[in-house]
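Residue 42 is where the sequence shown starts when you use the numbering used here, and the numbers rise one by one after that.
Glycine included, each C-beta is placed from N, C-alpha and C at the ideal position.
First the structure, in the form of structure tokens, and then the observations on it.
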Amino acid sequence: MKFDIPSGAQHILRTLTDMGYEAYLVGGCVRDMLQGVKPCDWDICTSARPEEAKICFSRQRIVETGLKHGTVTVLAEDGAYEVTTYRTEGPYSDRRRPDYVEFVSSLTSDLARRDFTMNAVAMDLEQNIQDPFGGIEDIRAGLIRCVGEPARRFQEDGLRIMRALRFGAVFGYEIEEQSAQAIHKNCHILKHVAVERINIELCKLLAGPNVGRILRQYPDVFCQFWPQLGPLAALEQNTPWHCWGGWEHTIHALEAAPDDLVLRLAVLLHDVGKPACKSTDEDGVDHFYGHPAVSAQLADQMLQTLKFNTKTREQVTSLVEHHDVQILCQERSIRRWLNRLGTEAFFQLLEVKRADNMGQNYELVKGRLALLDEIKAKAEEIILQKQCVSLKDLAVNGLDVTAAGVSQGPAVGRVLNVLLEKVLSGEFPNEREALLSLIPAIAQNF
Ligand code: ATP
Ligand code: MG
């Protein structure tokens with residue numbers, strides 16, 4: 042046996058075949074095994090109708106939620122497996138799932154409804170392969186090719202366009218020429234695809250090591266759900282700092298960003314407000330005054346459009362808004378930023394800044410990159426030393442302030458903030474006695 046198939050999946054395949062049905066591993070898991078990647082989920086297709094499959098697994102726990110579409114989920118000891126009856130699909134009029142499915146009797150008809158040849162390969166218990174559409178050859182060649190006529194397949198379900206780009210970004214495969222052309226021609230269909238489905242594919246795409254190449258080749262696709270990217274994709278920037286236009290700069294920055302959703306989104310969107318802020322001085326040099334705030338506003342809209350959750354949206358927009366701030370390499374400046382943004386966001390901001398710089402004229406920005414390293418090292422030291430960077434770290438609290446005679450209410454917070462500022466700036470140590478002695482003088486001012 043060449044491939045390592047989990048015992049739960051083997052058991053299901055055996056149960057179905059022992060009962061006289063055909064059963065195959067199919068889709069992503071077969072594709073991943075063939076390209077030497079560890080599969081994350083194992084799908085099984087079978088000639089057994091859903092009621093028949095239910096009987097086969099009557100001694101196991103099953104979930105019936107997908108029954109209408111032919112799927113029985115079998116809960117084996119080592120995980121959940123979707124067992125789906127061979128089927129074709131009706132149209133996707135709600136743009137989420139097919140209106141109806143039709144059960145069919147041949148594996149080939151089931152494979153024909155699948156999106157790409159690499160996802161239309163099946164493997165039985167003995168690890169015999171069924172590959173009627175040439176998926177193995179395409180996997181070898183690193184090609185994403187539609188099963189059937191590309192335009193028709195994308196028109197049936199526009200999400201396949203995003204899936205093609207996602208597989209391109211994650212696996213580094215090229216999209217085969219005719220499929221690529223059909224994507225460019227038909228990408229307007231994405232406007233009708235449920236944003237939740239686009240969101241899922243976009244997140245996977247952004248995590249891919251080849252995201253840059255996909256953005257470079259398919260800006261038109263991204264503009265379907267995020268038209269705000271259009272002006273950025275066309276932006277020229279004539280400044281000594283930049284050796285690329287807006288889109289190429291964004292791509293280089295994104296390629297330099299760590300593989301983390303919040304960071305990748307922030308980098309993708311950090312300059313989206315630039316076109317609206319562009320001005321050119323008398324020497325012909327472009328400026329983009331105020332673009333971080335405009336970018337943050339647009340980013341917020343864009344993330345709402347795709348229904349990102351509030352936390353992600355807030356994290357990303359804050360990073361976009363602050364991507365251009367100057368952080369001085371002094372402890373007190375670093376402590377202030379740690380206080381203002383919080384530790385996690387501060388370190389994320391350093392990553393965004395690093396990526397942004399990596400997308401610029403390297404000779405000119407290498408000094409800035411070194412500075413960012415220094416700031417990071419100092420910030421790590423500040424954290425390690427447990428220095429005070431927030432009210433909760435302060436050596437005195439609200440009770441101390443009221444005990445010193447300040448009446449309860451907003452004045453307490455104000456006094457604490459003045460004390461915190463003195464500690465952040467390094468004017469006073471974060472020591473209880475020293476801070477307590479300051480309270481009466483500060484309180485006089487409130
Ligand atoms: P992943 O590794 O992310 O799970 P996957 O290809 O397995 O990728 P799934 O969403 O798990 O993606 O789908 C399983 C299989 O179902 C696919 O391999 C493909 O054969 C088929 N499939 C999924 N979505 C579509 C679609 N929109 N159109 C046609 N076939 C699809
Ligand atoms: Mg899968």
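{"Item": "Beta-carbon proximity check, I96 vs V115, cutoff 8 Å", "Value": "no"}
{"Item": "G503: CB within 7 Å of a non-hydrogen atom of ligand 2", "Value": "Here the chain has residues from 42 to 487 only, and residue 503 is not among them."}
{"Item": "Cβ-Cβ separation, L184 to E215 (assumed contact under 8 Å), whole Å", "Value": "6 Å"}
{"Item": "Under 8 Å between C-beta atoms of I224 and I202", "Value": "yes"}
{"Item": "Any C-beta of chain C under 8 Å from that of T125", "Value": "Note that chain C does not occur in the displayed structure, where there is just one protein chain."}
{"Item": "Check: N160 C-beta below 7 Å from any heavy atom of ligand 3", "Value": "With respect to small molecules bound, the structure shown includes ligand 1 and ligand 2 and not ligand 3."}
{"Item": "Closer than 7 Å: D198 CB and nearest ligand 2 heavy atom", "Value": "no"}
{"Item": "G175 to Q219 span [Cα, whole Å]", "Value": "16 Å"}
{"Item": "Ligand 1 heavy atom lying under 7 Å from the CB of C370", "Value": "no"}
{"Item": "Pocket of ligand 2 defined by Cβ to heavy atom distance under 7 Å", "Value": "G68, G69, C70, C81, D82 and D84"}
{"Item": "Meets three-Cβ-pair contact criterion under 8 Å: the stretch 426-434 and the stretch 394-411", "Value": "no"}
{"Item": "Residues of its chain near Q196, where Cβ-Cβ distance is below 8 Å and the 5 sequence neighbours each way are ignored", "Value": "N227 and I230"}
{"Item": "Buried versus exposed, by CB contacts within 10 Å (16 or more), K109", "Value": "exposed"}
{"Item": "Closest Cα partner of D151 within the set P173, S134, D135 and P132", "Value": "P173"}
{"Item": "Proximity to E474 [Cα-Cα], best of T56, T384 and V437", "Value": "V437"}
{"Item": "Beta-carbon proximity list for E392, same chain, < 7 Å, skipping 5 on both sides", "Value": "A298, P299 and L304"}
{"Item": "Alpha-carbon spacing of R69 relative to T125, whole angstroms", "Value": "Reading off the sequence shown, one finds Gly at residue 69, where the question assumed Arg. In a straight line, the C-alpha of G69 is about 14 Å away from that of T125."}
{"Item": "Where K433 falls, given that 16 or more other Cβ within 10 Å makes a residue buried", "Value": "exposed"}
{"Item": "Contact set for A235: own chain, Cβ-Cβ below 7 Å, skip 5 residues either direction", "Value": "R136 and R137"}
{"Item": "Touch test, the stretch 365-379 against the stretch 274-284, Cβ-Cβ under 8 Å, three pairs minimum", "Value": "no"}
{"Item": "Closest by C-alpha distance to R395, when choosing among D414, A386 and E385", "Value": "D414"}
{"Item": "Continuous alpha helix (DSSP H) stretch holding C97: start and end", "Value": "P91 to C97"}
{"Item": "Inside the stretch 173-235 only - alpha helix (DSSP H) runs reaching at least 4 residues", "Value": "176-182, 191-197, 200-212 and 218-227"}
{"Item": "Own chain, CB closer than 7 Å to A340, minus 5 neighbours either side, in chain order", "Value": "L310, V313, V357, T358 and V361"}
{"Item": "DSSP-derived helix/strand/coil call for Q258", "Value": "helix"}
{"Item": "Completely contained alpha helix (DSSP H) runs for the stretch 279-337, where each covers 4 or more residues", "Value": "287-297, 302-310 and 315-318"}
{"Item": "Check: R154 C-beta below 7 Å from any heavy atom of ligand 1", "Value": "yes"}
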